[in-house]
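Reviewing the structure listed below.
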Amino acid sequence: MKISYNWINQFLNTNIPHIKVSEMLTSIGLEVEGVEEFCSVKGGLKNVVVGEVLSCKKHPNADRLKVTQVNLGGEIVQIVCGAPNVDKDQKVAVATVGSILYDPKGNELKIKKTVIRGEESNGMICAEDELGIGDSHDGIIVLNNKINPGTPCSKVFEVEHDYIFNIGLTPNRADAMSHMGVARDLKALLSYNKVNFKWTFPEITKFKFDTINKSIPIDIQEPKLVDAYHGISITNVSVKKSPIWLQNKLKSIDITPKNNIVDITNYILHELGQPLHAFDAKKINKGIIVKKFKSQKKFKTLDGVERDLDENDLMICDHKKPLCIAGIIGGEESSVGDKTKDVFLESACFNSISVRKSAKKIGLNTDASFRFERGVDPEIGIYAIKRAAILIKELAGGIIGQISSFQQKIKEKKVVLKFDYIDKIIGQEISKSEIIEILTSLDMIVKKNGQDSLKVLIPEYRIDVYRPADLVEEILRIYGYNKIKISDKFKSNFYDYESKTIYNFKENIAQTLVNYGFYESINNSISSPKNNAIKDNEKSIKIINPMGAELSELRNSLIPGCLELIKFNSNRQIKNIKIFEFGKIYKRNKDNFTESKLLSIALTGNIHEENWNLKEQPDIFFYYKGIIETMLTNKIKYWEEKFIKNETFQEGLEFNIDGEKIFEFGFLNKNLLDIFSIKQNLIYGQLYLDTVSKYLIDKVIFKSIPKFPIVRRDFSLLLNQDINFKHIETLAQLTEKNILKKVKLFDVYIGEKLPDNKKSYGVSFYFQDQNKTLTDHHVDKVMEKIRIKLSNEIGAEIR
């Protein structure tokens with residue numbers, strides 16, 4: 015929420031610096047997340063002053079230029095000007111030498127002393143767009159002739175300098191969703207700390223209605239959903255651009271000015287926290303009816319969208335048609351436009367649950383619904399509508415009519431607060447007089463209830479305060495949390511959710527992947543039913559109160575999020591992608607839910623960027639496998655590998671330890687890639703962190719370098735094309751576990767010289783004994799065993 019320093023100071027009238035105000039707001043629970051400097055005109059028109067044109071002559075060397083002598087209020091300078099409308103005796107805006115201007119697009123122009131066609135020029139007489147206050151470049155700005163030369167243009171154009179607080183407001187503090195609400199909280203703190211201020215509330219004594227302008231009748235047919243409804247008609251208004259001061263107020267909090275009527279409703283919303291809505295009164299048939307409109311299912315709103323309604327939506331209607339979705343957004347047909355002459359202004363307090371349901375159903379969140387959902391003060395509506403009517407009369411003219419009102423009886427909120435309860439909750443004693451002073455400063459009416467307790471009447475706008483515990487929180491906010499001493503007996507045990515070994519393992523993995531050029535990604539744990547259906551939608555967990563249909567289930571796989579990210583980048587011509595994610599997936603298991611921790615790793619496109627010295631890219635599959643082996647080696651126990659082919663992978667490998675799957679990877683099936691319109695091959699893998707954590711090596715044990723030589727033997731094998739190298743490696747290692755150290759593929763041939771559906775592999779086998787030198791006889795016997803095993807199991811032939 016954006017709050018203007020200048021605006022709240024209109025209520026408080028203090029000289030406290032904005033930095034100090036920021037600290038004070040945070041101390042009372044209105045946390046300031048950031049402070050921005052605001053200037054209604056970029057650069058603030060510094061060194062731009064009013065000048066009086068004393069003389070204006072034709073340039074001797076240019077037909078379209080003029081040479082002027084300009085009085086800047088104590089200094090007369092010569093300026094060459096090309097504007098067709100510059101003339102003697104005008105008051106103009108002059109950017110003096112050294113000033114910096116910004117056009118409406120933010121482009122910078124530094125004014126320098128220069129010579130133009132032989133004539134010296136000391137500044138620039140400015141047009142509207144050159145000052146950044148408008149878009150017109152038809153000619154220079156001609157100012158009111160009564161303005162004195164030398165007057166800063168920042169005063170003439172009402173340039174506003176301000177500081178904007180970005181407040182991270184908690185949902186329960188509906189009372190602070192306005193400048194008045196924030197100022198009211200500061201008032202309590204200043205009052206308690208005896209800091210001088212003068213509380214100034216906008217006057218409404220000027221409000222007067224004319225009996226000539228008849229009120230529009232209102233009929234509340236759903237009184238359970240309406241706490242208050244006030245309406246007023248103002249006729250013969252002039253819809254036009256708002257004055258600069260009002261535009262600046264709205265711009266400072268990121269509200270785009272529209273016209274004076276709409277701007278006033280937005281101004282009151284952010285000043286007082288009361289949503290208002292303005293209707294074109296001539297579009298209202300007979301009167302206002304607040305009801306559930308059952309006969310119409312479609313309604314076109316202000317934003318031009320046709321929305322679906324049902325019988326549960328509360329509507330503002332006339333006697334023929336709906337005009338507005340109560341508390342959310344108005345209708346296009348009854349909106350205020352440039353040709354509007356009569357307006358009907360609404361100030362209401364609608365049921366928060368009703369507004370929340372309708373807003374969620376139609377998928378729309380507005381400034382009004384945001385406040386109604388959290389609760390609006392039902393008592394401020396009549397004040398707000400009078401304040402708005404006064405401003406409309408001042409800025410748009412018109413005749414104010416009588417107010418039509420509906421107001422539910424408001425029940426008083428009284429809470430009994432015991433002193434010993436306060437001491438027990440806080441842990442230390444605060445004097446009774448201080449407690450009463452703090453509660454009184456918060457606009458609460460406090461009466462003693464015997465010697466041991468107080469009876470406190472809560473203001474209606476404090477929707478969040480209704481229990482003794484709430485009052486203790488209010489006392490602490492103003493008293494100061496920092497004044498509460500923490501007992502030296504305070505102890506707490508914190509459970510270590512992730513052991514140091516696992517944490518270090520994950521950090522090492524992440525660092526390894528980053529070193530290989532991978533980027534870490536973080537995807538949403540909430541997914542759509544469509545994405546969950548890719549794996550197993552029946553086991554997915556639905557969210558009871560989802561944000562929307564596209565975010566209604568907990569994800570059951572990391573694959574969709576990974577593929578959406580790759581698709582997003584691929585659509586932006588980023589084809590070479592390396593990403594990884596530490597994430598959780600969630601599944602339903604009978605009556606229980608399971609949460610699993612995974613690491614996903616994806617690779618697509620070229621491994622290395624194109625280079626004149628790079629003749630061909632490495633094989634992506636074995637490059638990926640090498641990264642995984644580097645990542646896991648010396649960190650977990652030895653794993654076994656097996657070939658896989660399933661609904662996820664076209665082909666791939668699975669790593670197992672003691673029969674448990676710890677990692678799987680491979681080329682994703684084309685049907686998965688087609689869902690996300692990914693055209694290129696993609697290798698994806700996932701590490702099962704919950705499982706692999708059981709097999710982590712705490713310490714790396716040093717082994718001495720072998721003293722005895724390695725023996726290498728090669729086979730040239732003729733194989734069926736569906737046999738891959740992993741088959742050969744696995745069978746060889748099963749045949750000889752003691753001295754066979756490594757199996758390596760060094761050649762692949764497929765061509766016309768081989769039988770159909772056949773290929774040739776060149777495979778190296780490396781043998782080594784830790785205790786002795788191997789003999790040829792011993793190695794030959796092992797190679798023969800491997801040959802027989804390969805022949806029997808996969809039909810391999812020696813070429």
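So our numbering is basically just the index in the sequence shown, starting at one, shifted up by 14. C-beta atoms are modelled at their ideal positions from N, C-alpha and C, and glycine is treated no differently. Everything numeric in this text was worked out from a predicted model, so none of it was measured.
- Item | Member of P163, E142, L612, N159 whose CA lies at the smallest distance from the CA of D827 | In the structure displayed, the chain extends from 15 to 813; residue 827 sits before or after that span and is not available.
- Task: Kindly list the residues whose CB is nearer than 8 Å to the CB of D149, restricted to its own chain and excluding five residues on each side of it in sequence; keep chain order.
- Result: P118, E142, D143
- Item | Nearest-angstrom Cα separation, counted from I404 out to K423 | 27 Å
- Query: Mapping DSSP to helix, strand and coil, what is H175?
  - Reply: strand
- Which full runs of the beta strand (DSSP E) of 3+ residues lie inside the region 114-191, going along the chain? 114-116, 122-124, 128-130, 133-135, 175-181
- Task: Jot down the residue ranges of each uninterrupted beta strand (DSSP E) in the region 337-391, minimum 3 residues, whole runs only, in chain order.
- Result: 357-364
- Item | Member of H193, K60, L768 whose CA lies at the smallest distance from the CA of F171 | K60
- Item | Neighbourhood of C140 by C-beta, 8 Å cutoff - its chain only, sequence neighbours within 5 removed | V62, V106, A107, V108, A109, L115, I154, I155
- Item | Contact set for Y698: own chain, Cβ-Cβ below 6 Å, skip 5 residues either direction | A616, L682
- Item | Separation of I580 from Y495, as counted between CA atoms | 48 Å
- So what's G88 in DSSP terms, helix, strand or just coil? coil
- Message: Restricting to Cα atoms, I'd like to know which of C338, W213, D317, D332 is closest to L323.
- Response: C338
- Which residue's Cα is closest to the Cα of A97: K80, Q104, N158? K80
- Task: Kindly identify the DSSP beta-bridge partner or partners of A563.
- Result: Partner(s): none; A563 has no beta bridge.
- Using the C-alpha atoms, what's the distance from P216 back to Q416? 21 Å
- Query: Mind pulling the alpha helix (DSSP H) runs of 4 or more residues that sit fully within the region 618-687?
  - Reply: 634-646
- Using three-state DSSP, classify R726 as helix, strand or coil. strand
- Kindly indicate the opening and closing residues of the alpha helix (DSSP H) around E451. 446-455
- Message: So if DSSP puts E320 in a beta bridge, which residue, or which two residues, is it bridged to?
- Response: K314
- Task: Report the three-state DSSP secondary structure of G809 (helix, strand or coil).
- Result: coil
- How many Å lie between Y397 and I278 at the Cα? 14 Å
- Would you call E623 buried or exposed, if buried means 16 or more other Cβ atoms sit within 10 Å of its Cβ? exposed
- Query: If H32 sits next to V49, beta carbons under 8 Å apart, how far is it from one beta carbon to the other, in whole angstroms?
  - Reply: 7 Å
- Do you know how far the Cα of L577 is from the Cα of D510? For D510, the predicted model reports a pLDDT of 46, less than 50, meaning its position is unreliable; a value from the coordinates is still stated below. So the alpha carbons of these two residues sit roughly 33 Å apart.
- Message: My output table needs one value for I404: the three-state DSSP class, helix, strand or coil.
- Response: helix
- Are the beta-carbon atoms of N227 and V253 separated by less than 8 Å? no
- Sub-8 Å separation of K803 and L710 beta-carbons: no
- Per-residue burial, Y600 [other beta carbons within 10 Å of its own, 16 or more giving buried]: buried
- Per DSSP, the bridge partner or partners of A107: V64
- Message: For a test of the three-state rule: what should DSSP assign to D510, helix, strand or coil?
- Response: Per-residue confidence for D510 stands at a pLDDT of 46, beneath the threshold of 50, marking its modelled position as unreliable; the derived number appears in the next sentence. Coil, per DSSP.
- Message: Within the continuous alpha helix (DSSP H) that includes A483, where are the two ends?
- Response: 482-493
- Task: Starting from T279, follow the alpha helix (DSSP H) in both directions and report where the run begins and ends.
- Result: 274-286
- Message: Tell me the rounded alpha-carbon separation between I406 and I275.
- Response: 7 Å
- alpha helix (DSSP H) segment containing L39, residue limits: 32-41
- What is the residue span of the alpha helix (DSSP H) that N545 lies within? 543-546
- Task: Can you have a look at I500 and say buried or exposed, based on whether 16 or more other CB atoms are within 10 angstroms of its CB?
- Result: exposed
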